[in-house]
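Undergrad: Below is the structure I would like to discuss, written out as structure tokens.
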Amino acid sequence: MTKLIIASLLFLILTVGNSFGEECKDTNEWCRYHTRYGACNYNEFTKTVCKKSCGLCDNPTSNDVLIEDLSDESECKDTNEWCHYHIRYGACHFNEFTKTACKKSCGLCNNPTSNDVLVNLSNESRDVNLSDETDCKDTNDWCHYLTRYGACNFNDYTKEVCKKSCNLCKS
Numbered sequence: 090m091t092k093l094i095i096a097s098l099l100f101l102i103l104t105v106g107n108s109f110g111e112e113c114k115d116t117n118e119w120c121r122y123h124t125r126y127g128a129c130n131y132n133e134f135t136k137t138v139c140k141k142s143c144g145l146c147d148n149p150t151s152n153d154v155l156i157e158d159l160s161d162e163s164e165c166k167d168t169n170e171w172c173h174y175h176i177r178y179g180a181c182h183f184n185e186f187t188k189t190a191c192k193k194s195c196g197l198c199n200n201p202t203s204n205d206v207l208v209n210l211s212n213e214s215r216d217v218n219l220s221d222e223t224d225c226k227d228t229n230d231w232c233h234y235l236t237r238y239g240a241c242n243f244n245d246y247t248k249e250v251c252k253k254s255c256n257l258c259k260s
């Protein structure tokens with residue numbers, strides 16, 4: 090109970106302190122990590138103590154959180170070493186950070202700016218090219234997780250590296 094009261098008071102102090110025209114800055118040493126994992130999108134504490142990293146300096150009352158685009162638009166690649174964990178839990182469907190940092194794993198290479206890409210891809214009927222038996226294997230250690238969460242239905246990268254688990258073999 091005491092920890093909850095202290096945490097609430099700290100939050101109140103930080104909130105009130107920042108609302109009286111203080112310099113817009115990060116007041117928590119872990120902001121780099123909070124923002125890297127998309128906490129600006131959902132965590133009020135992070136928005137309060139990491140205003141600069143969350144991109145909230147120009148308009149501190151805005152509910153819109155800006156996340157730096159971590160990838161070059163001309164290249165389709167994953168820019169975060171933890172993408173395999175993000176997609177394991179289906180974050181491509183709901184987490185803007187994951188959609189930006191894990192474009193290849195999320196299957197967003199053809200239309201990187203669309204928020205509806207995953208829904209549209211999962212509802213489209215697609216022609217499936219079946220692989221020869223000799224070429225039909227999984228080349229990614231995470232295929233069992235990817236297929237469990239339905240990635241074979243919408244993610245071309247998963248279809249490429251998890252041919253066996255996605256049932257893309259001829260025989």
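If you're matching positions, the sequence shown starts at 90 in my numbering and goes up one per residue. Positions of the beta carbon are idealized from the N, C-alpha and C atoms, including for glycine. Since the model is a prediction, treat every value here as computed from it, not as a measurement.
To the nearest angstrom, how far is the alpha carbon of Tyr234 from that of Lys140?
TA: For this step, residue 234 is matched to residue 145 along the sequence shown. For this step, residue 140 is matched to residue 51 along the sequence shown. Cα-Cα distance, rounded: 35 Å.
Undergrad: Is the beta carbon of Thr228 sitting closer than 8 Å to the one on Cys255?
TA: Here the question's residue 228 lines up with position 139 in the sequence shown. Here the question's residue 255 lines up with position 166 in the sequence shown. It is not a contact, given that the beta carbons lie outside the stated cut-off.
Undergrad: Using the rule of at least 16 other Cβ atoms within 10 Å of the residue's Cβ for burial, across every protein chain shown, is Cys120 buried or exposed?
TA: Position 31 of the sequence shown holds residue 120. Buried.
Undergrad: How should Leu210 be labelled, buried or exposed, when 16 other C-beta atoms within 10 angstroms of its C-beta is the threshold for buried?
TA: For this step, residue 210 is matched to residue 121 along the sequence shown. Any reading at Leu210 needs caution, since the residue's pLDDT is 33, under 50, leaving its predicted position unreliable; the model's value is listed next. Buried.
Undergrad: Compare the Cα-Cα distances from Thr137 to each of Lys188, Asp115, Ile176, Phe186 and report the closest residue.
TA: Working through the sequence shown from its first residue, we reach residue 137 at position 48. The shortest Cα separation from Thr137 among Lys188, Asp115, Ile176, Phe186 belongs to Asp115.
Undergrad: May I ask you to list the residues that DSSP assigns as paired with Asp167?
TA: Residue numbering aside, residue 167 sits at position 78 when the sequence shown is read from its first letter. Bridge partners of Asp167: Cys191.
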